Structure formats: structure tokens, C-alpha cells
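*Asks:* As numbered in this note's numbering, residues -10 to 1186 make up the sequence shown, in order.
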Amino acid sequence: MTDNKPIGMGHAIASAKDFRQEVLNPAEGVFLFHARAIERLIEEQLGVHQHGVSIPELPYYLMRREDFLFGLETENPEALSVIEGLKLPPYVVLLPSPRAQGADRAAFSRLRHEYWARSFEAEVARAWQMARDQAGADQEFGAEALRDLVGEHGFAELREVLDHDGLTLQIWDDALICRSFVARVVRLRYFAPGSRAFCFPAVHDWSQVDAWLLASGLELPPPFSAPAGAVILPPLLQKTRPGPGELPPEPWPLLPGGLTRGDRDPDYQPAQRAVHALAAHAPPPVVGRVFEQAVPDSLGAEFEARCLNALTEASRLKRKRDFIARQWDSLSARLSRLFGRVLFAPSFERLQNRPRRSPSRVWLGAGLGLFRHAVAAANRSEMRGRFATALVHLADARRLLLRLMQFCGGSAGDLCQGLAARESDCEQSLAAELAARVGLRPAAAGQLGTLVERLAAEDRGASASPVARAVLSQLQKVLCETRDDYYRLRLWGWLASRGHIRLREILPFQAPLHCLRSLQIARARLDDLDWPLHELERFGCLLEQMHERFSQRLEEQLMPRLTQAMREADFVPRNHRERVAANKMRGELLDVIKQRRHLKFTDVRDIVARNVLRLPDPTLEEFFRGDRLHRFDRTAAHALPGVYRPGELYIKGLQQLSAPLFGTRPGRAILRHILVPFGATYLGLKSVDLLLHMLPEYDRSLHFATLLAVTAGGTLTNLVLYTDIGRHVLLATWHGSRTLFDLLLIQAPRRLLHWPPLAGLLGTGLFRSLARNLIQPMLFGILPLTPIIALAVLVEEVPIKPGFWLLGLAFALGTLARNTASGRRFIDNLVTYLVQMQRRINQTLVLGLIQQLLYAFKEAMRRIAQGLHRVEEGLMHHLHEPIGGFLVKALAAPLWVLAESLLQFYITVLVEPQVNPVKHFPVVTVGHKLMLPFLPSTTAFMLQLTGSVLPGVITIPLVTLTILLLPGLFGFIVWELKENWKLYQANHGVALSGADARQIEQALEPAVIGSHGETMRGILYRGFHSGALPKAYDRLRQAIEKQLRDQALYPRRVRAGERRLRNIEQAIGVFVERELSFAMRERCRTPGCVLSRVESRTPALATNLIELRLAIHVRSSGRLAQVQPAAEEPGPVEIALEISRQRGGILMRMHLEGDTGLIGPRCWEMIFEDLRVFAGRADARLQLDQKVEGMPLGSDP
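(1) Of all the options R373, G636, G356, which has the alpha carbon lying nearest to the alpha carbon of R387?
(2) According to the neighbour-count rule (16 or more other Cβ atoms, all chains shown, within 10 Å of its Cβ), is P666 buried or exposed?
(3) Measuring alpha carbon to alpha carbon, tell me which residue in G488, R168, V1103 is nearest L151.
(4) Going by DSSP in three states, L604 sits in which element: helix, strand or coil?
(5) Using alpha carbons as the reference points, say which of N600, R512, L618 lies closest to R607.
(6) L1190 lies in the alpha helix (DSSP H); which residues open and close that run?
(7) Considering only the beta carbon of each residue, do E567 and V601 sit closer than 9 Å?
(8) How big is the Cα-Cα spacing for E103 and R1034?
(9) Looking at the structure shown, is N298 part of a helix, part of a strand, or coil, going by DSSP?
(10) To the nearest angstrom, how far is the alpha carbon of G642 from that of H627?
(11) Let me check one thing: in DSSP terms, what residues is M1137 bridge-paired to?
(12) Use the C-beta contact count for V1112: other C-beta atoms within 10 angstroms, 16 or more gives buried, fewer gives exposed.
(13) Apart from the five residues on each side of it in sequence, which residues of its chain come closer than 8 Å, Cβ to Cβ, to F612?
(14) Assuming A386 is part of the alpha helix (DSSP H), what are its boundary residues?
(15) Determine the burial state of F756: buried for a count of at least 16 other Cβ atoms within 10 Å of its Cβ, exposed for fewer.
(16) Taking just the CA atoms, how far does G206 sit from Y822?
(17) Starting from E1096, trace the beta strand (DSSP E) in both directions and tell me its first and last residue.
(18) Could you tell me the alpha carbon to alpha carbon distance between V699 and T670, rounded to whole angstroms?
(19) Determine the extent of the beta strand (DSSP E) in which Y1010 is found, giving its start and end residues.
(20) Would you identify the three-state DSSP class for A1089, choosing helix, strand or coil?
(21) Cβ atoms of A263 and P182: under 9 Å apart, would you say?
(22) In the DSSP assignment, what residue or residues form a beta bridge with F667?
(23) For I853, I'd like the list of residues in its chain whose CB is within less than 7 Å of its CB, leaving aside the five on either flank, ordered along the chain.
(24) If you follow the alpha helix (DSSP H) that I31 is in, where does it begin and where does it stop?
(25) For L437, which residues from the same chain have a beta carbon less than 7 Å from its beta carbon, with the 5 sequence-adjacent residues on both sides left out?
(26) Which of helix, strand or coil does DSSP assign to P956?
(27) Please confirm if the segment 946 to 955 is in contact with the segment 1120 to 1132, defined as three or more CB-CB distances below 8 Å between the two stretches.
(28) Determine the burial state of H489: buried for a count of at least 16 other Cβ atoms within 10 Å of its Cβ, exposed for fewer.
(29) With DSSP as the reference, please indicate the residues paired to Y80 in a beta bridge.
(30) For a test of the three-state rule: what should DSSP assign to R1108, helix, strand or coil?
(31) How would you call R229, buried or exposed, if buried means at least 16 neighbouring beta carbons within 10 angstroms?
(32) With 16 other CB atoms within 10 Å as the buried threshold, where does S1000 fall?
(33) Mark V364 as exposed unless 16 or more other C-beta atoms lie within 10 angstroms of its C-beta, in which case mark it buried.
(34) Measuring straight from C-alpha to C-alpha, what distance separates Q118 and V139?
(35) To the nearest angstrom, how far is it from the Cα of Q1172 to the Cα of L1160?
(36) Could you give the distance in angstroms between the alpha-carbon of F427 and the alpha-carbon of N368?
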């Protein structure tokens, strides 16, 4: 067991000395320096090459002996005088000193193992570098050999991963990258077995990498090759270990089991078996508590009889009594349970169960009452089919019985067996009925039974398990939802139609949607259990399988209705590409329904705006009758009852009113040349006026937003945006300004410092000594004194005159900070802290702040809408509800419809644009200024309008709140118009550049793939709000590193990293299925095409690579179709696609495998057309296989 005792002051000093003695080895060329000191030594070594290069906090650094001694002359001359007498190896290892030694022995032990791993990695790098220096020009184990071994994508990935993790410098060549990679993978193999495939997932075969490393001369025995009881360590690992008996820490880090990349590492399966074996030998949880206390025999016998009677009485069915008796029994039972719970609180229980006193009769009676109630409640729940609730009550009864066990004598075992039999019946009933309702196979049904048993056993511990109860409750909800049907009342429609319309409208989709939600919650809560990772993965796959079955059933019900609604709204495809787009539109609508359990008008609008089936320019008839979007709003409300929510009047009306402006050629011309340029100019100038008027000394009579300024600005904007000469002048001005700034402030000083005469003068020993002992201390001393003097002179008005005393003070402070060990340590720590803060600010505040704010507010609005929808779901009727609930819902539902409409209006139109800073400034701010003259009349009108309906107590606060929030209307209108602009096909892509109809039809736009609106570029390329794929692997590596650093297991972090990758994998799989596989399946219907079916494999993900595979099956050989019409189906033709991140953009390479002659030229032409469209949707450049370049395309013979 790890000792966590704190380390005293004296022992801490001794431990620090021991640590330095274990790690520091000057004779072997291993040194400890502050991280900033290592950074300065690297800067001194790089010299002129260091310009523009950021130096991270490296875990180690390998430096040539000559460069180390030369840099040490400036950094620490005192240490140089001692080190010069040592016979150093050709390369020295520089390790950064730890920031803290740790407050306890466990932390100190973890630090020792961390530096053991660093020293081992550095020694491997040094051995590799010295072997390469001795080999000379031998390239058998160089960077080119590694590139051939891992592939082009693998080498690019390892370079990026090492650079991102702070293990390399940006200016390093391929040889140094190869050295760092070798050192890192060797360290991972012995300190984190099986994790290499997750750190470098683009490497396909790690067995070949191990063989290559072994052939290079490194002695690297496999981690699990030693016989039982023996340990084989590499020589370098034995050399660097802190103690003679030290071994790499166990347990091994937990690794994801649901990703296919892990099997590529030969150490993965042995490491997983070792982790599972450790989890299997973990001590079982404590089931209950038994108090050791002697009690009288008579009391035990009496209590035994009372427990048996309570169990029998609670299990007996009682005849239904009259209403008054039932209410009295219910009230008395509630009061007695409340009294019992108070009496059995932990503090009161300790007072009652003092060892020197016998338990009171009152305490025993209260305990028996609670026990009787728990068993009776379990019995009632079991009869109602609520087996999870029955298990919860039985677990409470068991815990209560164990607390009273000291008074039961030998009968406690019989009572517990009786409860166990009831629990087993409930578990089997819940699992069997749920498996039958879902339609699971016998193997999956057995796993479900095991899951229910494990959850029930988890809840039967010494204390209740909220997580296990939550999962059981969600499984019970799934079972209950499969038995129930929902409906809603249409009272007004029934009255208006005089009974021709049915009063109850069945809602057939609510039950499966609730099942999906319950399974999602159960799947999320399952990861919160402290179970072994492999069990969580197994049971998680079971819940995902159940979720998939319900999802398929819901899709079978919804897809025909969605198709009908789209057809009636004239979303009808007219060619092959539009058929693919229509299928994707149906899939995206179905995804929104599954995720949110409802579909709104704005969701449909956003999906249409990014689909090929956008709105055409409206006709005069459509302006009055409604366009496609409005017709879909009407048809979907009838086709999807309880799921589709028709659009609000203010949203649909604004979209209809903006149609002439966005959907007609004259309207677009007015918008582009008048409204946008002049309106943006006015907003910009008015914003400048508002900001300047906030200054106290500013002349308020001066205004920039004048008619002349707005006219000139709008005209200039038109010239820049829509004329070639305007764009040319703007670009020339911009490039000239940047060049002049770079020349004067960056290039000129740098070239002056590197001018040979001046550089030679600065490099002399005299000048270096003068800089170290005079100039640098003076600058270091002046730096902190400058703000102090400025505050004293400007704020306090203290007359401070410069003199020699001030220079002397600055020199003394600078010497203390620069030329003493404690001063250098303080400066290094301060600079390190400031650099880290600056990087954190750049990552969280500066880059992509607007996108992050927009996403945050969009997510907040979605959650608010989801909350409102949950209230609506709670007010839906179901067939088995009691009469009291039916009446309450019938009365509350109409009131909630009105309240929800008001809340939705205020939040969407008035509140959100006010609190959203991106929407507020400058639109809402300027709108507030424009509304100021009209506020009195608007207020009087609203008071008069609402005063006739509502009392004054409600009218005055409501009108006041509305007037305060009314400027938010401007922000709402502007952002809604921006979304409505995207609805029309003529406002996208090449249509804006005046292309013809053919070019507009063939234009390709990047498709939205991720759940947050990412395109393929947003998934692959790093950014503040992009780079989901590399960031997911980053977090997985961080979870593995944290387990190694803390020597603890973090299954939740590992599962979270796996979920991120699985979500990306699923999103890309859906993208391929809808954009490419479906398009090729549609080609199978083409007359004369030999394609039979198309199957898409699961995408394989890496940090910078996505590998896709499609299998194309043909009916029979195109050459033998006439001769052998009944021939067996030949093997498929495989299409392998590699989507990789390149500097010039995304590249998609295609490779063909199989007999390409089975498919005729005409079919290949259609396949290549689909691949071209798919590459455009992925924003990638398509590179065809060499087999394809010479393939004749055209009509089949």
C-alpha cells in the first residue's frame, strides 16, 4: 500500500538531495537545469536559426558537448569551471528540474518514476544518435528508412504528434525527428505497453517497427516475454533506474477497447489481459455492516418473530378499502415512515445504539415499520411491472435488515435468503421482458441479464449506488414505454368540427423516442460506475445495440412520412445528384428528431440552407401561397404529430417578407449594392461615435456618421467589392503596408545585429563579459523600477529626478536578479509563469472568440428549447394514466401552450440578442439609439393595449421589461435575415459570380459533417474551434500520460477519449454512407449497369488521416453477362480512399483492388463522377489510381 504520509521539512530537504543524486550524473553527461536555463542554452546553440522558433518545455534535451560548454560560459560560469574537468560523452542530457518535489511520499515516488522514464528516453535517444554518427552515411536506419517503414502519412503524423506534445523543435530535420520518435516509442513500450497504436495510429504494423529497432542494435526484449516471476529489462532501462530493485510502476495504463487501432500493437492484448487480471483480483465491495454487540436472548427471539411477521404481512395482498380508510392509512403510514427515517438518521442511530445500552422498543418498532414498508412497496412495484423500483425497495429493506441484524440471531440468513429470492425474480423478469420487447438474441439477452444482476448487486452495497439506480431506472423506463401509447386532446378542433375530428390524436412516435432518450441516459451513466473498463465496454456495446434496434424501428416509421411531407412540399429530386441530396435531407431530419425528440421550423430551414435542394427564386404565386419551406411546415405538422412543431409567426413571416429581397435578382442587386455597403458603413461609423462619446473629454458635437461620410464609405465599399481596380488598390495598399512594417521594425534590426562587423564585436569575450556583468543587470533593474517611478510621478506627483543613485539602485537589483542563483531561479519561474499564462490566453480568449460565443449561445438556446419541450412531453396523455393525472394535464396543457409561446418569443426575439455580445454590438446598440425618439409613444401604446386585458400589477412590469428588451429585436431581425439569405440557391457558390445554370448545378460546397457544424477541413485541421480528430487523439494521449504520471487508473477519462473518437468515426461513416455509398447504390438502378450492391466499411482514423473502404459487388462479369447469365457473383472490387491533411489542402487518394475489368467503362465513368462529387463535398483534391488514368471511359460496348 502506498504511503501517503506528509514529508517533514528536514526529510524534504533530504529527499530533494536524494532525488538529485539519483537523477544527476555529471560523469555520464546527465544534468539537471531549470527549464528556462535549458531554453537559453538551446537558443545559444541555435543562434541565427532560432529566429521565429518557439521552444517548448522539453522533457529532455540532447546537446553536443561543445555546444553545452560554450553555452554554459554565459549561463553559469561557476558550474563551467567544475564541469570542464570532467570527461563528458559526445552528447549530454539536459533534464528540467521539477517544479515541486511533492508533499508526500507517494508524490515523491511518482516523481522518481517520471524522471526514470525521462532519463530512459534520453538515453535511448543518445544511444541512437551515437550509433547513427558512427554509421555515417548508412541510411538503413535513418529517416528515409523510417518513412518507408511507416509510410508517408505515418511519418507526417509522428512529426505532428511529437511537435504538438512538445518533444521536438519546429526547425529539426527528419533525422532528429526520427531520433525523437525512436526514443518515445521505446519509452512507451516499457512504461505504457500497448499504447503506441493510440499515440501514433497511422502506423499500420508495429511488429515491423520493433524488428527494425532490434536490427538497429537496441536491446529491447518484449515487456511480456519473461517467464512467470522473472523480469527482463533492457540495459538502458537498468542503467537509468533510480534504485537497484526498481521496476516500472503497475498497474499498466487503461487503454480503450472499442477502437480497432489497438490491435496493431503486439503488446496491446497482453497489456489488456494484465489489467483485467488486476481488476479481477480487486477486493469485493462491502455488502453490509454487522455490529458486534451482545443482546438478550429473549429480545433476539422476539425480534426474530416480529421480522418474520413483518415480511409475511408486507407480502400479503390486502383487500381494497373505502376512500376515507385508504386516505387515513396513507397519512398514518407516511407519518410513521417520516418518524422512522428521522429516528434512523446516522446521528440518532449512534445515540440509540450505544454499546452500554439495549435498544429501545421505539427504535425497533420504527425499524420494523420501515422494513415492512420497503417490502410492501417492492411487492406493489413488482405487481405493476416496475421491477427496477422493486429492486430498489428490496435493496433498502436488505440494508435495513443488516442494520438490525444484531437483534435477529440466526434468522437473519433466512430473511436475507427470502429477499434474495425476490430480488432474483425481479432481475430475471426485468431482463427477460425487456429483451423480448427489444428483440434481442439469446446471447445479448444473457448479457442483459448479467447487467441487471450487476447493477442490482451494486445497489445492494453498504450504501445505495445512485448511478446503478439511475441505470436501472432508465431500463425500467424503456420497458414501460414499450407498453404505453401517447395521445393529446384536440378540444378546439373537435368542437369546431362538431365531432368529425377525433378528440384524441394518437402520437405514435413518442414511445420510441422516449426509449431512445432513456437508453442514451443509461449509456452515459454507465460510464460513471467504478467497474473494470472491459466490462463497461461490453455492457456499453449492449446498450448501443438496444439503441440501434429502437433507432431502426423509429426510422422505419418516420422515413415514409418524411418522404411524403417532402414530396407534397415539392422537395422532389430531378436528377441523380438531387436524389442523393434528398436522401441526405431525410437523414438529417431524422437525426434531429432522434437527438432532440422534436423537429422545429428553424431546424428544417438550416438543413435546407446547406442542402442542394435549396429554394429556387420564388414566383409571385409562391409569395402569397407559400414556398417549399412553408408547404413543408404545413404537411409535416399533419404527417409527424407530436414530433414536428410548426414555425412561429414572427419567424415564418420574416422569412416570407425577405423572399423578394433575397430570392429575386432586383432584390439581390439592391441588397448587395445599397443596403449592405451603406448599412455596414453607417453601423461602423455610428459605433465609432458611440465609443468616442464614452470618453469624458471628447467633443460630443463631432460626429462621424454623417450623410456625406456614409455615402462616401458605401461608394468606396462598392468599388472595393465589385470592381477589379478597387480590389487591386486595396490589396496593393495592404501588402505594401505589411512589407514596410516588416522592413522597418523586424528585418532592419535583425540584419543590423547580424552584420558581420557588429556580430564579431558582440561575440568577443570582452563584450560578452560587459553584457553579462553590466548591461544585462542594468536592464533587469530598470524594468521593475520603471512602473514604480511612473506611478509615483504621474499619480502621486512625487518629484523623482534621475541620478546616479537611481542607476546604482537599478544595477544592484539587476545584479541580485541576474547574477545570483536565487535571483535567476526567481526570474526563470516568473518568465515561465508569464509564458504559460500568455499561451493560455491566446488559446482561450483571442483565437476564435466570436465562433465560441456563437456556439455557446446557440447551445444555450437549444437547451432552453429542450427544457420547454420536456415540459410539453410531461403534459402529454398516455393510455394508462390515472384520472387525476388526466384532469391535471387536460387543464394545464392549454395554459402551457400560451406560456411557452410567450417564453419562446421573449427569449428568442428580445433576451438572447441582448445578452449575446456578438449580436448586441453594434446592431442592438445602434438600434437602441434609433429607438430613443419613439420609446414614449411605444410605451403609451403598449400600456393602453395590455391595460384593457391585464391588471395593472401585471401590465406595468410586463411593459417595462418589454421596452427594456425591445432593442434586441434589431439583433434578431439581422441574424434571421442572415440565415434566410442562405436558403436560396442563387445566393451560394459560383452563382454570386454570374455563372450560368449548368455551372451552378455542378458547383460543389463542403458538406457539414460534425455535430458542431464542422466540415472535413474543420475535422482535420487544428484551430480554436476545429481539429476535432487530432484533438480527440490529443486528449486520449493526455489520459494515458496522466495515468502514468499519477500511477492511477482513470477509466472515465479513457472512456471519454474513446467516445470522442467513436463519435467522429460515426459522423464520418454517416457522411460516406449518405454522400458516396448511396450515390453508388442509385447507380445500380441505371439500365445496363452491372453494379449489384455497395458496402462501406468502418472508417479507420488517425491523427491526420482518414481511411475509407468500399466494396462494389457486380451481378456477373460484364464480359460474360450474355454467355453465363446465372453465374455466381464474383468477388468485389475494393475502392480504398485516403483522406489526408496536406499543407496545400486536403488530398483524397484512390486505390483500386480486385478485378477492375468486371465493371464496364460506362459504369466506371459514373463511379468516378460520384467520387469527384464526394471529393468536392469533402473539400478535397482527388488523386486517382494509376490503374484509372489509362482506363478508357465511355459507353459500354
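Beta carbons are placed, not taken as given, at the ideal position from N, Cα and C, and that holds for glycine.
All values derive from a computational prediction rather than experimental measurement.
*Replies:* Well, looking at it:
(1) Of R373, G636, G356, the residue nearest in Cα terms is G356.
(2) Buried.
(3) Residue R168 holds the alpha-carbon nearest to the alpha-carbon of L151 among G488, R168, V1103.
(4) strand
(5) Reading off the sequence, residue 607 comes out as Pro, not Arg. Per the Cα distances, L618.
(6) There is no way to answer for residue 1190, as the model of the chain reaches only from -10 to 1186.
(7) yes
(8) Answer to the nearest angstrom: the Cα atoms are 6 Å apart.
(9) Note: N298 maps to helix in three-state DSSP.
(10) 20 Å
(11) I1128, L1171
(12) With a pLDDT of 43 at V1112, under the threshold of 50, the modelled position of this residue cannot be trusted, and the question is left open.
(13) Q645, A648, P649
(14) 376 to 392
(15) The residue in question, F756, is exposed, as its Cβ has fewer than 16 Cβ neighbours within 10 Å.
(16) 42 Å
(17) 1094 to 1103
(18) 6 Å
(19) Segment: none, Y1010 is in no beta strand (DSSP E) and carries neither H nor E.
(20) strand
(21) yes
(22) Under the DSSP definition of a beta bridge, F667 lacks any partner.
(23) I896
(24) 24 to 35
(25) A420, L423, A424, L429, L531
(26) coil
(27) Counting Cβ pairs under 8 Å, fewer than three are found: no touch.
(28) exposed
(29) R53
(30) The predicted position of R1108 is uncertain, since its pLDDT is 48 and thus under 50; a value taken from the coordinates is nonetheless stated next. R1108: coil per DSSP, three-state reduction.
(31) This sequence places Thr at residue 229; Arg is not what is there. Burial call: buried.
(32) exposed
(33) buried
(34) Cα to Cα, Q118 sits roughly 20 Å from V139.
(35) Whole-angstrom Cα-Cα distance: 10 Å.
(36) Going by the sequence as given, residue 427 is Val instead of Phe. Each residue's alpha carbon lies about 25 Å from the other.
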